[in-house]
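To keep things clear, I will list the structure first and then write my remarks on it.
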Amino acid sequence: MLGALLESSFKDNLYVELCSYPSPNVRSGSFVYDVDIKIPEWEPTKEELRTLSGEMVKLSLAAHRFERLEVDASVALKMFADNRFKTQQIPQMAAQSTSGNTVVVYRIGDFVEVSRGPMMADTSHLGKVSIVAVHPIESNEVQLFRVQGVALPRGFLLNHFAYGVLEKRAQQMNSGRLPLNISSTKPQTQASTL
């Protein structure tokens, strides 16, 4: 869902290149997506983070089904031909599949993403959600950003103070696997958090 949000939330003239979705590190208290936003040294404001959070709520309320599709690796490579990160990931994922040449993709609305899954049934299972931090991740090749959020399942009630504690914890850099050969991160700046 975070990938769908990031791909659709920026102006059309800005190509957002989704990189990876590290496996959840539950102890970190956050979910993440690594992305090349093509805005050097971007430090989102509190208002921008709130806007992203609001768009995530809209995505949840749309109740899009997660559709699991298994496609041939050659088809997946065509689907993601404009994404250098996905074209690197797809052959590896296909080689690990039971057939040795297929990739699982999930579709929610108009958004399609490669993923091993599993996924929840639909986006309406997401309840309270906040996008809380954007951390720069540097490498010699490209500047990526790790976008982090925290969420509760729909129907799970938590008071404002307790949810604020979760948000504060989720702002810390999630130590999930870094994408590709990226090896270091910049310290978090004040503008990157709520």
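Take the sequence shown: its position 79, counted from the start at 1, is 79 in the UniProt record's numbering, and no numbers get skipped. Where a beta carbon is used, it is the ideal one built from N, C-alpha and C, also for glycine. Everything numeric in this text was worked out from a predicted model, so none of it was measured.
Which value, in whole angstroms, describes the spacing of the CA atoms of isoleucine 90 and alanine 81? 11 Å
Would you kindly report the start and end of the unbroken beta strand (DSSP E) that includes glycine 127? 126-138
Counted within 10 angstroms of its Cβ, other Cβ atoms place leucine 158 as buried (16 or more) or exposed: exposed
Considering only DSSP beta bridges, list what valine 105 is partnered with. Leu69, Val114
Would you kindly work out how many angstroms separate the C-alpha atoms of valine 105 and serine 124, rounded to a whole number? 20 Å
Would you identify the three-state DSSP class for glutamine 143, choosing helix, strand or coil? strand
Could you tell me whether the Cβ atoms of alanine 121 and valine 150 are closer together than 9 Å? no
Expressed to the nearest angstrom, what Euclidean distance is found between the alpha-carbon atoms of alanine 73 and threonine 102? 5 Å
Proximal residues to phenylalanine 156 (C-beta, below 7 Å), its chain only, five neighbours per side dropped: Gly127
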